[in-house]
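Chemist: Here the sequence shown stands for residues 1 to 93, where the numbers follow my numbering. Built from N, CA and C at the ideal position, the CB exists for glycine as well. In this text, all values refer to a predicted model and were calculated from it rather than measured experimentally. Would you mind keeping the following structure in view while I ask a few things?
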Amino acid sequence: MSDNDMPDPEQLRQMFAVLSEQVPKLLDSVTKVLYGAQEGTKFGESVAAFYKALRDAGMSNEQAFELTKDYMSNLSLGGMLKNIVGGAARKDD
């Protein structure tokens, strides 16, 4: 198929049917893994340890807080999706 050709409507229907069935399941699984009770506790402990390490290294509260915020953003599902989408958008530019 060349760049100007459109996929067959039936192929598109099939692709979207698979996506609409599989993507919600995938997101649900990822969310459970990332945000289950035990995982939430581990996430909190990880963030606290990161902040403490920055403070122990001599950073100010403000510096440690900003870096910890970035760290949390990179570990969160929303942050990951934002980075993925943002990376894809930069590749298109």
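Note the first and the last residue of the continuous alpha helix (DSSP H) segment covering Met-72.
Modeler: Within the sequence shown, numbered from 1, the residue matching residue 72 stands at position 72. Where Met-72 is concerned, the enclosing alpha helix (DSSP H) stretches over 61-75.
Chemist: Span of the alpha helix (DSSP H) holding Gly-36?
Modeler: Within the sequence shown, the letter at position 36 stands for residue 36. It is not in any alpha helix (DSSP H) - Gly-36 carries neither H nor E in the DSSP assignment.
Chemist: With DSSP collapsed to three states, give me the class of Met-6.
Modeler: The residue given as residue 6 occupies position 6 in the sequence shown. Correct three-state label for Met-6: coil.
Chemist: Would you kindly check if the distance between the Cβ of Thr-31 and the Cβ of Val-47 is under 8 Å?
Modeler: The count along the sequence shown starts at 1 and reaches residue 47 at position 47. The count along the sequence shown starts at 1 and reaches residue 31 at position 31. No, these two residues do not count as a Cβ contact at 8 Å.
Chemist: Are the CB atoms of Phe-50 and Tyr-71 nearer to each other than 8 Å?
Modeler: The count along the sequence shown starts at 1 and reaches residue 50 at position 50. The count along the sequence shown starts at 1 and reaches residue 71 at position 71. Yes, Cβ-Cβ distance for Phe-50 and Tyr-71 is below 8 Å.
Chemist: Using the C-alpha atoms, what's the distance from Gln-11 back to Val-73?
Modeler: As a position in the sequence shown, residue 73 is number 73, starting the count at 1. As a position in the sequence shown, residue 11 is number 11, starting the count at 1. The question names Val, but residue 73 in the sequence shown is Ser. Taking the straight line joining both Cα atoms gives about 37 Å.
Chemist: Taking the Cβ atom as the reference point for each residue, do Leu-81 and Phe-43 lie within a distance shorter than 8 Å?
Modeler: The sequence position of residue 81 within the sequence shown is 81, counting from 1. The sequence position of residue 43 within the sequence shown is 43, counting from 1. Taking 8 Å as the Cβ cut-off, Leu-81 and Phe-43 do not qualify as a contacting pair.
Chemist: I need the DSSP call for Gly-58, collapsed to helix, strand or coil.
Modeler: In the sequence shown, the residue the question calls residue 58 occupies position 58. In this structure, Gly-58 counts as coil in the three-state DSSP scheme.
Chemist: Just to confirm my understanding: we take Ser-60, look at its own chain, exclude 5 residues before and 5 after, and list those with CB closer than 7 Å. What are they?
Modeler: Position 60 of the sequence shown, counting from 1, holds the residue named residue 60. For Ser-60, where only same-chain residues beyond five positions count, there are no Cβ hits under 7 Å.
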